[in-house]
Structures are given as C-alpha cells and as structure tokens.
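Written out below as structure tokens is the structure these notes cover.
Below is the structure:
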C-alpha cells in the first residue's frame with residue numbers, strides 16, 4: 002500500500018514538473034540557458050591556452066586533483082608574458098557557459114537506497130531504514146542550524162545535454178536532425 006502511494010506521488014510530481022521546481026536544483030542562470038539557448042556556434046579557436054586547459058580537464062580521470070597539479074607545473078614554467086592556465090573553477094564555469102550543462106547535487110541516504118527528491122525532498126530520515134539524511138553530530142553541535150548531507154549524488158539534466166548536441170552541427174548531423 003505504501004509503495005503504491007509513493008509511486009503515485011512520484012508520478013504526480015513528474016506530471017506537474019517544471020523548471021522552477023525547487024528539487025530540480027537548477028539555478029537561475031541554468032534555467033535561463035535552457036529557455037534561451039545560444040543562437041550562434043561558440044568557438045575556442047582564438048584562445049589556444051583556454052582550449053588546452055579545457056581539453057586537459059576533460060581528459061583527466063581524477064580532474065580535481067590532476068588538473069590542479071598540472072596547472073601548478075604549467076604555471077611554474079610558463080612563458081614570459083603568458084597568463085596562468087585557468088583554475089579548475091574557471092574551466093568548469095567556461096564549460097558551463099559554452100554548453101549550458103552543469104551538474105546539481107541531490108541528497109541521498111547514507112546507504113544510497115533512497116534519494117531525497119520528489120515526495121522525499123523534505124524528509125529528514127530514510128523512509129526505508131530510518132537513517133538520518135544529515136550528519137547528526139554536526140546538526141546537534143550547531144543546535145540544528147547546519148544541515149550537512151551524509152551522502153549526495155550529482156545529476157546532469159538531460160535538457161541541456163540535448164540542447165548542446167543539437168546546437169553543434171556535427172552533433173545534430175550525427176543525430177540525423
């Protein structure tokens with residue numbers, strides 16, 4: 002009975018879904034990019050340093066650590082008069098601006114059995130096993146003012162991915178658009 006009600010609650014939420022829903026995790030810029038995608042082809046042809054930085058970031062398996070280490074080496078031995086290689090935060094921002102694709106983080110049970118989205122968005126404990134969504138020690142130490150999720154997972158919305166594919170002539174052609 003409870004499972005059926007939960008499934009129905011998720012179905013109803015999906016039927017009424019909108020970009021403005023709190024649980025999408027999309028910020029104002031992401032929503033604006035979805036509603037108003039770029040009308041011109043973006044290019045990095047004029048900036049080889051930026052293109053190199055983005056390609057390096059995209060090819061690394063452990064991007065956070067490896068990219069930062071690579072930047073330190075490049076910047077240590079950079080050519081006279083050249084700017085530093087962009088930081089990882091700058092590269093991520095540029096990729097998001099170019100593609101409109103960004104991830105949002107969603108809370109989940111520490112055991113990964115339930116995500117706190119849809120009808121579970123405001124729950125403080127896992128409906129399956131009762132485990133807390135938030136770090137209880139941190140919550141108690143701050144008298145209930147700070148809620149640190151015990152576990153999270155990233156979501157990359159399908160809409161911006163499809164827009165990016167259709168926006169690029171090669172991507173659109175390969176999808177037969």
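In this note's numbering, the protein residues as written are 2 to 178.
Note that beta-carbon positions come from the ideal geometry of N, C-alpha and C, so glycine has one too.
The structure presented is a predicted model; accordingly, all values stated were derived computationally and were not measured.
Residue 130 classed as buried or exposed, judged by whether at least 16 other C-beta atoms fall within 10 angstroms:
exposed
With 16 as the cutoff for other CB atoms within 10 Å, does residue 58 come out buried or exposed?
buried
Pick from 69, 161, 166, 140 that is closest to residue 179, judged by C-alpha positions
The first residue shown for the chain is 2 and the last is 178, placing residue 179 beyond what the model contains.
Could you spell out the range, first to last residue, of the alpha helix (DSSP H) harbouring residue 75?
64 to 77
Anticipated Cβ contact below 8 Å, residue 127 with residue 108, distance rounded
Not a contact, Cβ separation roughly 11 Å.
Nearest neighbour of residue 88, chosen from 79, 51, 99, 155 [CA to CA]:
51
Can you tell me the Cα-Cα spacing of residue 1 and residue 3, whole angstroms?
With the chain covering 2 to 178 only, the question about residue 1 has no answer from this structure.
Nearest candidate by alpha-carbon position, reference residue 43, set 111, 100, 132:
100
Buried or exposed for residue 56, please, with buried defined as at least 16 other CB atoms from any protein chain shown within 10 angstroms of its CB.
exposed
At a cut of 8 Å, does the region 5 to 20 reach the region 115 to 123 through at least three beta carbon pairs?
yes
In chain order, each alpha helix (DSSP H) run of at least 4 residues that lies wholly inside the region 114 to 158
137 to 142
Simplified DSSP assignment, three categories, for residue 41
coil
Where residue 68 falls, given that 16 or more other Cβ within 10 Å makes a residue buried:
buried
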